[in-house]
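Line order of the protein sequences matches chains X and Y. For the first sequence, this note's numbering assigns the number 376 to the initial residue and increments by one for each residue that follows. For the second sequence, this note's numbering assigns the number 4 to the initial residue and increments by one for each residue that follows. The structure appears right after this line, and notes come after that.
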Amino acid sequence: MQVSKGSISLAMIAKDAEQTLARCLRSVQHCVNQIIVVDTGSQDATADIAKSYGALVVHHPWKNDFSFARNESLRYATGDWVLVLDADEELPPETALNLDKLAGTPGIDAWSFTIVSPLSAAEDSPKTEHLNIRMFRNNRAYRFEGKIHEQIKPSILRADAGAVIKYSNLKIMHYGYIGGTKERTDKTLRNISLLKETLLENPEDPFTNYNLGASYFALGDLRNSQRHFETALQRLDPNSGFAAALYRNYCVCLCEMGEYLRALELADKGLTYFPDYPDLYFIKGQIFWDLGMLPQAKASFLKCTRFRQMPPEYTTMQGVTSYLSFENLAEVYSREQNFAEAVKYVTLALKAQPSLRLLSKLCVLLRCLNSNGEEILTYLHDNFSLDPAVAARLLFDVEDFEASLSSAERVTSPGPELLLLKAKCLIRLGRYNEAIEQLRPIPADSPLAGEALKQKCIAAWLQEPRQDATAAIAAFPFPDNPAFLACKTINSLISANIERGTSNVERSPIQPEAVRQQALQIAIEAFRMGDKDLALAIGRAVGGGRGPGNGWFILGKEALHRGYNREAKKLLERALGGCAAQAEAFYLLGTACANLHLCKRAFDYFLNACRRSPGDELYALCALEQLAVLCSSLVLDGLNIEKGNPDLTRQLFTLTSLKRKLHRLKEAGSWRVQSAFV
Amino acid sequence: MESTISLCLIAKNESDNIGRCLKSVEGFVDEIVLVDTGSTDNTIEIAVAAGAKVIEAEWKNDFSHARNISLENATGDWVLFLDCDEELSPESGPELRRVTRDTLFEAYFVIVTNLTQAGIELSFPSIRLFRNRKCYRFSGSIHEQIVKSIVNNSGIERIGHSKITVIHHGYNSDTTNIQAKIRRNLEILRTYTDEEKDGFYFYNLGTEHLRLGEREKALANFTEALRLTRPTQNYGPILVKRTMTTLMELRRYRDAVEQLRYYQTVYREFNDLVLLEAVCHLDCGRYSEAGLHLQRFLKMPPSPAWYPVEKIRDSTADDLLNRAEALAIPRDYPDISVCIIGRNEEDLIMHCIKSVNEIAKEVIFVDTGSDNKTPAIAHQLGADLYSFPWNGSFSDARNFGLSKARGEWILVLDADEALPDESRKMITDMVRDGRHEGYLLKICTYLDRSLSPANCQVQGACRLFRNKNYRYRGAVLEDITRSIRESGHRIGCAEITVNHFHYLAGDEEIARKRSVKTAAIEKGLAADPARRNFALGVEAFYKQDFASAVKHFENVSENLEEADRSSYYYFYALAALNTGHLSRAAEISERALTLFPDYTDLVYTQAVARFILGEIERAEPLLNRCLEMGDAPWEKYLASPGTGGFKALCSLGTLYARRGESDRALKTFAEAAGIPGAFEQAVESIAFLQDQLPTSLERFLEEHGILNSRSLSVASRCLAKMGRYKESLNYLALAAERIAGEPAPRDFARITQAIDFLIKRFHGQVSQKLPEDSRFRSCLIV
């Protein structure tokens, strides 16, 4: 009878893991008694790093078999318990602190953990969660099975049908989805080849097919993904551990393919087995959203938010029961023009998961509610006690310059970034000299110096009558700085006394690209502030001065690129008269209109683009997409008259599916990371 | 003395419902006991906020177990139990207080009403309120009942009836995952041991299957339940009713009527059973009989409260009676036997028999070898069933049927035929007057699935005659007129339509019928080569193999029987036209017209041939002649309706347009659009000419009274065809706008078809210019 509270051996396998291994070992070194690393052929410093943490390093050639390697690592374990981790994982402090408690609990044979996988390095990256057994008693009978997606559970239960496997309520972080795309693709390809080998033994095995489906999805190969998921589903025992995840992931795959009808059926079928699985409701919400069936979308997302706890055995996306659903609810309400509700839900989302992106969305919504700057500020302050500098930035983005400025004033010693913001506000408010004053303290060696110079120049040029900015430019010490070069060129345009509206000087285009970019940015800012002449002059200079149409065209294209749809639309409409790239102008104009939800116009413009350039696939895609959008809205109107009409419903699904497919073609190669899974 | 009441609930993940439930009892109960069996949503939080005492218990797949835990924890004098998806109706709260005050009753029935999207579906008495005694406990792991323990301990007379109403939202698909519920229920039912399987068990199992749409399984369970249920058991009436409605949904009307008659003697006060019988007759087309039962139903007092109320049809009994009486025909005419032959007509046989039941004394169905449910359906609709193995002769099969007939008159139909409503009365008038020995009826054959009058043929055939041993002759192209005429009688002519739905059958079935017929021709007409070639030509024509048809027709010799000659020219000319032998088509028609000068179809075929040949000036007078002649007389000729009307008119319009006389063309098309059957073609023609219009197309349509969602959808299609997509879309939007203001039922299919067409057309046109391997090309493939 063991009296000790239970010693723990960490058993790992690793290959070329020098990038991640230290993070993993650092997190775990003080709570395990032994570290075993089976190196399956590293070419890098993996073994050295492991040794520096006191690990027992065993070299073992890779045999295309995960279980084999893992079981090798188990052979060296001397502790009462074995903990299994991968090099790209890490124990959060709470887990590390509690490991010995787990090891000291009598009557338990194995512990499962929630594996949390962020999908990107961003702070507010979506994170998936799934359950896995990672700690078990060091028993010779417990061995991994399966060449890939190796499992320990079957052997535990074989050894003792009454074995107790308990959920620890603790997390393990997994960073395997972050990092080089190439690496991940290689890893996926390797998994696929291993899985295919396994499949040879039992071609219809649901688990292998499920994993193949998931791997192909990760590669973006939806057709193969669908094929394997379907095979898995046909043979599925709903009691098996991955059944719920199969329903979820297969649904995601079908949505991605535009097979909405089947996805919806499958989600509903899944819910008959797993009625407490919020992800299935979430997927339904997304399907209804894509279909434009807003009340149904709302009901589904609301349903998600009603779950107070997620049963740990479900694979899920973090936030499905809270911030993700709240944000989607806000989207639905804002589509319905119900901004008060939208604000409510964005606020709830922000409270669960703060992010700058959502804050600016909130400000836009508050704006839609006709709140003035002061009210927005009060709202932000009451709900989130925001830093005034952040608030100033947010208010600037919704173009409330007075309020932005007053929030910025509250900061006692502003840094260059905030000074720049204040200057921009002042320029917008027509207080040019004060703006120039604000910019003065920004040192010439600051990374923002170029930006500051641009604002100084703009503050001079926008004045009535135009001021020369030669002095500011002359004082700038870096002659290669693109912002400097752009300002210099533009200033010379102005000082050459170009009269407003009569600029028709032919000159050589502004070069190189970096300078061009700076100049365009200045032009667009000028346009947004109402100085069309300056904007056009710069546009023509950038384009080499071939008539005003081309100048407007270049500016419009740039504005669209920067997400200024309204400005892009105005600029490109001006361009239509006389630019060389007619088809492209129509296409860009169509895109701007589509972004602004002016679908009829967009369709018209895309049609024009198609007529002028009939062989262009992108134009054709866009035109058909808008046609589908317009037709769906007719169908939705019909459904409002006659709820549930089968002809209309069928048509809605067909059209939405078409939209999805076209969208995928347009963005060929990239797909929604949001939907990725384990 | 005021009694205290405990509300007892069990719940798992009921956050959508529980708030509504608890709110409905607020102020009317003194305690709330909720047993939670493992919610992961915020059910518990909501309940606690409403002041509930919450007990968390493990779910053991046993409703009674969980319910009894709630009873253990109740402290009131009385227990009210509800499900979370139920609520107390607003007026029931005070009633709850009233009935529990100073009473000798131990328990009460309340009325549970199911609310669905369609409104009330079913209400049902159930014991939900009883004194809080240790001896009253639930039993049954699903559809748990308290009644047994109360009856055993206190006797049935201590259970009172109350007006308390509980509203059940459970099967409202907007808020509940019905499938999940059904599956859970089925799973629990599966755990019952054989001893526990009583009538109530089978009734519940049947009900779940019914909800899943598995009617056959439901029926099997209901039948078992009926066997195990005494008439006095409280779910007896609803069981009978569900069994009957299930039978009816399975189209087993004969069985349903038989059983309904029996159960009407068991549950004499249950008037729904009378209504159901009436509906059976109505569904079978026995309108007079349906009317009698409906009148009986309307005279009955309402059923006592403990009979279930379940909506039978969307219409009220009065509406049903009006419908029945409108179609009923008084029996003041000689008996008619309807003789039908058919094989594998599952989809159409019901329609056929239903269309004659009202006037038939007997329906004789001669099955020539079905391997599907056709004979069973015929039988259930009231037909007498005979089997006659196919021997290659249509006459033999028909004559077998005739030999079984006992009525004074015989009406002959095929299983893919049916009488339209108005024809029935005309037939009874005809046999009552009985001037002739037999009558030609007007057979209208629809040539495709659209059942449009623009694409059909009419022809006279002797289908109604006295039952006097007249018999058909000829294995194929069978004929009874000779047999009647030989006996010295005349055959009259009655403009009574019989619809023939040949093309509604499946493609396979159509092909099979054709091959049977071809075989019969080869064999039966071997001795008569002229007729054989003619018949084979006609078969090829219907198969749209016009080249073969022309070949067969070329070989028809001069000695073709008189009776077939006019149709021979009709088919020959059309087949020639369809194979591009235009001059020949014109010549054949012209030559035949000297023999049959009143055969409009021949003039029309000639006109079309001339028009395509470019001989516009010759075509125009021919078309005008068609219009003067009107359609050919159906009793003499096989004719296509419209050749003397809208078809000629549309062709004339096209001719004017070709000559550049667009005003005249438009006027002609507008006139044609007013004629049923010509609408689409005419509107499409107008849309093609829209640039020639003095006003907008919309305006023109309005001026001619044809502006509606249908014409706008046609216009949209037409513009899509012309590659004018923006305008096409505009017309679609107008159509969608219009349809909102049009009365139901709205034909959205026309709009969705126009959308499909626009998208396909646009996609197709754009694709042409793209490279072969462009993925855009395949994006419409599902």
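Cβ atoms here follow ideal geometry from the backbone N, Cα and C, with glycine treated the same way. Computed from a predicted structure; not experimentally measured.
Closest by C-alpha distance to residue i, when choosing among the options
i: residue 295 of chain Y; options: Y:567, Y:272, Y:320, Y:156; result: Y:320
i: residue 798 of chain X; options: X:420, X:387, X:834; result: X:834
i: residue 300 of chain Y; options: Y:274, Y:224, Y:465; result: Y:274
i: residue 69 of chain Y; options: Y:147, Y:676, Y:692; result: Y:147
i: residue 420 of chain Y; options: Y:506, Y:191, Y:406; result: Y:506
i: residue 524 of chain X; options: X:465, X:612, X:616; result: X:616
i: residue 156 of chain Y; options: Y:144, Y:112, Y:139, Y:107; result: Y:139
i: residue 454 of chain X; options: X:411, X:658, X:823; result: X:411
i: residue 586 of chain Y; options: Y:552, Y:621, Y:598; result: Y:621
i: residue 944 of chain X; options: X:936, X:952, X:931; result: X:931
i: residue 645 of chain Y; options: Y:617, Y:661, Y:606, Y:624; result: Y:606
i: residue 549 of chain Y; options: Y:588, Y:393, Y:345, Y:747; result: Y:588
i: residue 343 of chain Y; options: Y:143, Y:216, Y:283, Y:391; result: Y:391
Residue range of the alpha helix (DSSP H) that includes residue i
i: residue 355 of chain Y; result: 352-357
i: residue 262 of chain Y; result: 256-269
i: residue 1 of chain Y; result: Only positions 4 to 785 of chain Y appear in the structure, and residue 1 of chain Y is not among them; the question remains open.
i: residue 475 of chain X; result: 468-478
i: residue 453 of chain Y; result: Segment: none, residue 453 of chain Y is in no alpha helix (DSSP H) and carries neither H nor E.
i: residue 587 of chain Y; result: 585-598
i: residue 430 of chain X; result: That residue, residue 430 of chain X, is in no alpha helix (DSSP H); it is neither H nor E in DSSP.
Presumed contact (8 Å Cβ cut-off) between residue i and residue j, rounded CB distance
i: residue 927 of chain X; j: residue 946 of chain X; result: 5 Å
i: residue 607 of chain X; j: residue 588 of chain X; result: 6 Å
i: residue 347 of chain Y; j: residue 512 of chain Y; result: 6 Å
i: residue 727 of chain X; j: residue 759 of chain X; result: Not really, about 12 Å apart at Cβ, beyond 8 Å.
i: residue 539 of chain X; j: residue 482 of chain X; result: 6 Å
i: residue 3 of chain Y; j: residue 276 of chain Y; result: Nothing can be reported for residue 3 of chain Y: it is not among the residues displayed for chain Y, which extend from 4 to 785.
i: residue 464 of chain X; j: residue 420 of chain X; result: Actually they do not touch by this definition, with Cβ atoms about 19 Å apart.
i: residue 21 of chain Y; j: residue 46 of chain Y; result: 6 Å
Limits of the beta strand (DSSP E) - the one that residue i falls within
i: residue 289 of chain Y; result: No beta strand (DSSP E) holds residue 289 of chain Y; DSSP gives it neither H nor E.
i: residue 462 of chain Y; result: 459-469
**Request:** Residues of the stretch 983-1000 of chain X with a CB closer than 8 Å to any CB of chain Y: list them in chain order, please.
**Result:** 985, 989, 990, 992, 995, 996, 998, 999
**Asked** At a Cβ cut of 8 Å, what residues of the stretch 725-739 of chain Y count as close to chain X, listed as they run along the chain?
**Response** 728, 729, 732, 735, 736, 739
**Asked** Whole alpha helix (DSSP H) runs in the stretch 945-989 of chain X with 4 or more residues, listed along the chain?
**Response** Qualifying alpha helix (DSSP H) stretches, in chain order: 957-970, 974-987.
**Asked** Relative to chain Y, which residues along the stretch 1002-1027 of chain X have a C-beta separation below 8 Å, given in chain order?
**Response** 1002, 1003, 1005, 1006, 1009, 1010, 1012, 1013, 1016, 1017, 1020, 1022, 1023, 1025, 1026
**Contacting positions in the stretch 766-778 of chain Y - beta carbon closer than 8 Å to chain X** = 766, 769, 770, 772, 773, 774, 777, 778
**Short-range partners of chain Y found in the stretch 702-719 of chain X, where Cβ spacing is below 9 Å** = none
**Asked** Enumerated in chain order, which unbroken segments of the alpha helix (DSSP H) with a length of 4 residues or greater are wholly contained in the stretch 33-66 of chain Y?
**Response** As far as the stretch 33-66 of chain Y is concerned, its whole alpha helix (DSSP H) runs of at least 4 residues are 46-52.
**Message:** Please list, in chain order, the residues of the stretch 634-652 of chain X that have any C-beta partner in chain Y closer than 7 Å.
**Reply:** Look at the stretch 634-652 of chain X: the residues with a C-beta under 7 Å from a C-beta of chain Y are 643, 646, 647, 650, 651.
**Message:** Quick check for students: name the residue ranges of the alpha helix (DSSP H) that lie wholly in the stretch 366-427 of chain Y, counting only runs of 4 or more.
**Reply:** 377-383, 397-407
**Request:** Could you name the residues of the stretch 677-692 of chain X whose beta carbon sits closer than 8 Å to any beta carbon of chain Y, in the order they occur along the chain?
**Result:** For the stretch 677-692 of chain X, the set of residues with a beta-carbon nearer than 8 Å to any beta-carbon of chain Y comprises 678, 681, 682, 683, 684, 685, 686, in chain order.
**Item:** Near-chain Y residues of the stretch 593-609 of chain X - C-beta to any C-beta below 7 Å
**Value:** none
**Prompt:** Where are the alpha helix (DSSP H) runs, 4 residues long or more, that stay fully inside the stretch 497-533 of chain Y, in chain order?
**Reply:** Every unbroken stretch of the alpha helix (DSSP H) spanning 4 or more residues and falling wholly within the stretch 497-533 of chain Y is given here in chain order: 510-527.
**Message:** Taking beta-carbon pairs under 7 Å, can you tell me which members of the stretch 659-675 of chain X lie near chain Y?
**Reply:** none
**Request:** Can you give me, in chain order, the residues of the stretch 562-585 of chain Y that have a beta carbon less than 8 Å from any beta carbon in chain X?
**Result:** none
**Message:** Runs of 4 residues minimum, wholly inside the stretch 544-620 of chain X: which ones carry the alpha helix (DSSP H) assignment?
**Reply:** 556-576, 581-594, 597-609
**Request:** Tell me the start and end of each unbroken alpha helix (DSSP H) in the stretch 77-148 of chain Y that is at least 4 residues and wholly inside, in chain order.
**Result:** 95-102
**Message:** Under 7 Å, CB to CB, which of the residues in the stretch 820-838 of chain X have a partner in chain Y?
**Reply:** none
**Message:** Suppose only complete runs of 4+ residues qualify. What are the alpha helix (DSSP H) ranges in the stretch 615-653 of chain X, listed by chain order?
**Reply:** Listed in chain order, the alpha helix (DSSP H) elements of length 4 or more contained wholly in the stretch 615-653 of chain X are 618-632, 635-648.
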